[in-house]
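Written out below as structure tokens is the structure these notes cover.
Dropping the structure here:
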């Protein structure tokens with residue numbers, strides 16, 4: 001007898017879980033047309049069964065016992081939107097051990113244990129999809145998995161954290177300090193009470209781990225991502241960046257050159273001519289470079305109830321279609337290429353440097369000579385005297401240099417008797433060479 005419906009167990013009934021229930025309930029006709037089967041929410045795991053819910057009529061489905069979902073043979077697909085590492089990992093693995101399929105929005109879990117989970121799914125012939133784990137409603141993972149399957153990706157670059165993008169956008173637009181905008185973001189619910197994961201770049205690093213692993217087919221580990229957050233970004237950095245034609249964004253970068261890889265997350269000066277420079281607010285955008293297709297960009301809301309839930313339900317549709325075709329667990333491609341990470345002598349970029357120096361004749365000439373002695377050419381230079389002071393601020397943008405050369409020249413600058421302080425340095429993307 002041919003099946004007419006699929007039963008879903010939902011782990012978590014918060015913001016995203018509520019969105020999943022809303023979409024499944026409202027789109028039954030579309031789901032049946034797309035998959036040939038109806039989708040039933042069979043059981044929902046919650047912490048507090050008595051907590052009021054914004055979706056009425058679900059009281060009979062909630063449980064605070066995970067085994068009622070994980071051990072129920074009637075449940076075909078488990079959707080995990082509870083977040084955190086534990087017990088989410090144990091629940092997902094238990095579901096896979098029992099032959100269930102899994103959809104998750106858990107970036108932290110997939111960044112740390114994705115390879116293990118995908119391997120277990122492959123062994124059990126089950127699907128694991130995790131589109132919502134990286135950029136909310138932006139369909140970037142399926143594009144990397146399917147749309148670029150005939151191409152060779154060389155670079156993935158993007159804004160993958162809405163909180164930091166909101167903060168930097170407001171700092172740029174309103175002239176407010178980091179501390180002021182962070183408080184505003186927290187009041188609006190865009191930033192957590194403890195914003196460390198976002199502002200220190202950890203959240204973005206986890207997402208770049210997922211993107212680089214999937215895009216390059218190598219098992220990139222979180223500790224291999226170079227991470228620098230936005231706490232040190234100042235209004236002076238933003239103002240000087242604008243003078244030179246740049247906006248500051250917290251940028252994730254995954255790049256492959258001659259089969260060697262670098263992955264980083266850091267505040268980056270993005271030239272105004274680059275599309276990512278105009279991505280503001282809580283929006284996410286990912287730029288993908290393919291050898292055949294060239295440059296493509298994916299843009300949209302990076303979080304929120306319905307955008308994220310849309311990606312979750314999209315993954316659910318893929319699971320159901322695979323069930324109809326009896327091909328579950330066959331479409332996933334685990335990392336299979338040898339991992340070769342770049343050394344600092346192989347990581348090339350342009351850099352923005354800002355420093356305070358003694359304001360006297362010949363200082364700029366000495367500094368530019370120092371760069372020339374280190375085989376570093378300069379693209380842009382600004383010298384600006386500080387008011388009521390015998391000091392001046394020098395801002396410059398280099399041509400491409402290695403990360404190693406940058407560190408060497410920073411040490412040399414710090415040793416100069418005319419250097420008072422090196423204020424900041426940032427990677428530069430876009431603009432004329």
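In UniProt numbering, the protein residues as written are 1 to 433. We put the CB at the ideal spot given by N, CA and C, even for glycine.
Compare the C-alpha of residue i against each of the options and name the closest.
{"i": "residue 161", "options": "358, 320, 285, 331", "result": "285"}
{"i": "residue 8", "options": "95, 15, 273", "result": "95"}
{"i": "residue 423", "options": "31, 430, 392, 214", "result": "392"}
{"i": "residue 413", "options": "84, 358, 121, 20", "result": "358"}
{"i": "residue 25", "options": "430, 306, 85", "result": "306"}
{"i": "residue 157", "options": "274, 56, 22, 218", "result": "274"}
{"i": "residue 342", "options": "268, 254, 269", "result": "254"}
{"i": "residue 244", "options": "397, 114, 290", "result": "397"}
{"i": "residue 362", "options": "379, 336, 394", "result": "394"}
{"i": "residue 340", "options": "387, 427, 221, 198", "result": "221"}
{"i": "residue 288", "options": "149, 100, 425, 130", "result": "149"}
{"i": "residue 99", "options": "375, 72, 108", "result": "72"}
{"i": "residue 416", "options": "370, 430, 381, 405", "result": "370"}
{"i": "residue 381", "options": "368, 281, 374, 388", "result": "368"}
{"i": "residue 130", "options": "385, 311, 383", "result": "311"}
{"i": "residue 40", "options": "97, 50, 5", "result": "5"}
{"i": "residue 213", "options": "181, 187, 153, 242", "result": "153"}
{"i": "residue 155", "options": "20, 183, 295", "result": "295"}
{"i": "residue 14", "options": "387, 219, 55, 136", "result": "55"}
{"i": "residue 247", "options": "278, 223, 219", "result": "278"}
{"i": "residue 334", "options": "110, 374, 420", "result": "110"}
{"i": "residue 115", "options": "196, 352, 406, 219", "result": "219"}
{"i": "residue 85", "options": "427, 206, 390, 327", "result": "206"}
{"i": "residue 360", "options": "135, 50, 124, 389", "result": "389"}
Let me check one thing: in DSSP terms, what residues is residue i bridge-paired to?
{"i": "residue 250", "result": "267"}
{"i": "residue 396", "result": "353, 381"}
{"i": "residue 434", "result": "Lying before the first or after the last residue shown, residue 434 is absent from the chain, which here runs from 1 to 433."}
{"i": "residue 222", "result": "For residue 222, which the question treats as bridged, DSSP gives no partner whatsoever."}
{"i": "residue 301", "result": "283"}
{"i": "residue 97", "result": "Partner(s): none; residue 97 has no beta bridge."}
{"i": "residue 427", "result": "268, 351"}
{"i": "residue 38", "result": "5"}
{"i": "residue 260", "result": "257"}
{"i": "residue 131", "result": "DSSP output for residue 131 lists no bridge partner at all."}
{"i": "residue 296", "result": "288"}
{"i": "residue 341", "result": "261"}
{"i": "residue 63", "result": "45"}
{"i": "residue 435", "result": "In this structure the chain extends from 1 to 433, so residue 435 is not present and cannot be described."}
{"i": "residue 419", "result": "357"}
{"i": "residue 391", "result": "358"}
{"i": "residue 103", "result": "79, 129"}
{"i": "residue 227", "result": "265"}
Mind reading off the beta-carbon distance from residue i to residue j? Whole number of angstroms is fine, and I expect it under 8 Å.
{"i": "residue 82", "j": "residue 12", "result": "3 Å"}
{"i": "residue 106", "j": "residue 126", "result": "At roughly 16 Å, the Cβ-Cβ gap does not stay under 8 Å, so residue 106 and residue 126 are not in contact."}
{"i": "residue 249", "j": "residue 211", "result": "No, residue 249 and residue 211 are not in contact; Cβ-Cβ is about 16 Å, not under 8 Å."}
{"i": "residue 138", "j": "residue 300", "result": "4 Å"}
{"i": "residue 297", "j": "residue 270", "result": "At roughly 13 Å, the Cβ-Cβ gap does not stay under 8 Å, so residue 297 and residue 270 are not in contact."}
{"i": "residue 409", "j": "residue 101", "result": "With 8 Å as the limit, residue 409 and residue 101 do not qualify as a contact, their Cβ atoms being about 53 Å apart."}
{"i": "residue 233", "j": "residue 267", "result": "5 Å"}
{"i": "residue 118", "j": "residue 128", "result": "6 Å"}
{"i": "residue 240", "j": "residue 53", "result": "Actually they are not in contact, since the Cβ atoms of residue 240 and residue 53 sit about 50 Å apart, beyond 8 Å."}
{"i": "residue 337", "j": "residue 217", "result": "5 Å"}
{"i": "residue 36", "j": "residue 324", "result": "6 Å"}
{"i": "residue 264", "j": "residue 226", "result": "4 Å"}
{"i": "residue 165", "j": "residue 281", "result": "7 Å"}
{"i": "residue 191", "j": "residue 185", "result": "4 Å"}
With respect to the alpha helix (DSSP H) encompassing residue i, which residues constitute its N-terminal and C-terminal limits?
{"i": "residue 26", "result": "15-26"}
{"i": "residue 68", "result": "67-70"}
{"i": "residue 171", "result": "162-174"}
{"i": "residue 46", "result": "Looking at the DSSP string, residue 46 is not in any alpha helix (DSSP H), and its letter there is neither H nor E."}
{"i": "residue 178", "result": "178-188"}
{"i": "residue 216", "result": "202-216"}
{"i": "residue 199", "result": "196-199"}
{"i": "residue 372", "result": "363-373"}
{"i": "residue 237", "result": "235-243"}
For the beta strand (DSSP E) that contains residue i, what are its first and last residues?
{"i": "residue 109", "result": "Run containing residue 109: none in the beta strand (DSSP E); it sits in the alpha helix (DSSP H), 107-124."}
{"i": "residue 10", "result": "5-11"}
{"i": "residue 78", "result": "77-80"}
Confirm the yes/no value for this check: CB of residue i, any heavy atom of the ligand MG, distance under 7 Å.
{"i": "residue 21", "result": "Only the bare structure without any ligand can be found here, which leaves the ligand MG out of the picture."}
Inter-stretch contact (C-beta, 8 Å, three-pair minimum) for the stretch 165-173 and the stretch 142-151: no
State whether the stretch 58-75 contacts the stretch 42-50, with contact taken as three or more CB pairs (one from each stretch) at a distance under 8 Å. yes
Using a Cβ distance threshold of 8 Å, determine whether the stretch 395-405 contacts the stretch 347-357, with at least three qualifying pairs required. yes
Given 8 Å, three or more beta-carbon pairs between the stretch 309-328 and the stretch 74-93: yes
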